Amino acid sequence: MGVPTKLITPVTRRGIFDTITLSKVLWEGRLEEPEFLARIYDLDSMPSTDSRYKSAVGDIRQHRVNNPEDWPDDWVFTDSRFGLQHGDDELVLQFLAEILHPLVRPDEEEVGRLLNAFNEALAKGRLRALPS
17 MGVPTKLITP VTRRGIFDTI TLSKVLWEGR LEEPEFLARI YDLDSMPSTD
67 SRYKSAVGDI RQHRVNNPED WPDDWVFTDS RFGLQHGDDE LVLQFLAEIL
117 HPLVRPDEEE VGRLLNAFNE ALAKGRLRAL PS
């Protein structure tokens, strides 16, 4: 019943991610990155890219919370563990919906701007992030 897997093209995905990055929007909103990502992914069962840590939660906490300059702010968009670049559309839409969630982003005006930008980009694939 899910969303068809590949209607969101790589160009559309990149455009959405670039919009987030260039507008200096914190994709994690008022949450810490591990907390945001744990709303979508089981970080404890995902591998670490840093041999010092057993799972993704450890290396994300180290490289983005303890030492936020270690990785660029847009690292999540190209990290293959999260499937945002090449994964199923449903995962991308879930990620975008979390960006807009009131727990993550309480400013309704900012949510409206982001929603419009996401939907404009997604319209090319005949999809919408969330109802307007």
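With our numbering applied, the sequence shown covers 17 to 148.
For glycine and all other residues, C-beta sits at the position ideal for the given N, C-alpha and C.
These figures come from a predicted structure and were not determined experimentally.
Considering residue i, what are the terminal residues of the alpha helix (DSSP H) in which it resides?
| i | result |
| --- | --- |
| Val-27 | 26-38 |
| Asn-185 | Missing from the structure shown is residue 185; the chain here goes from 17 to 148 and no further. |
| Thr-94 | 91-94 |
| Leu-107 | 105-116 |
| Asp-75 | 72-76 |
| Phe-52 | 49-54 |
Can you say whether residue i is buried or exposed, counting buried as having 16 or more other CB atoms within 10 angstroms of its CB?
| i | result |
| --- | --- |
| Arg-29 | buried |
| Gly-45 | buried |
| Arg-121 | buried |
| Leu-119 | exposed |
| Glu-124 | exposed |
| Glu-114 | buried |
| Glu-49 | buried |
So, at 8 angstroms on beta carbons, what are the nonlocal neighbours of residue i in its own chain, with the 5 sequence-adjacent residues on each side left out?
| i | result |
| --- | --- |
| Gly-31 | Ala-137 |
| Ser-64 | Lys-70, Ser-71, Ala-72, Gly-74 and Asp-75 |
Output needed for residue i: all residues of its chain with C-beta closer than 6 angstroms, excluding positions within five of it in sequence on either side, in chain order.
| i | result |
| --- | --- |
| Lys-140 | Thr-28 |
Excluding five sequence neighbours on each side, which residues of the same chain lie with their C-beta closer than 7 angstroms to the C-beta of residue i?
| i | result |
| --- | --- |
| Arg-68 | none |
Practice problem: Indicate whether the contact test is met: 3 or more Cβ pairs, each with one atom in the segment 27-41 and one in the segment 74-84, closer than 8 angstroms. | Solution: no
Quiz item: With a cut-off of 8 angstroms, do at least 3 Cβ pairs link the segment 66-75 to the segment 132-143?
Solution: no
Practice problem: Spell out a yes or no on whether the segment 94-110 and the segment 20-27 are touching, meaning 3 or more CB-CB pairs, one atom from each, closer than 8 angstroms. | Solution: yes
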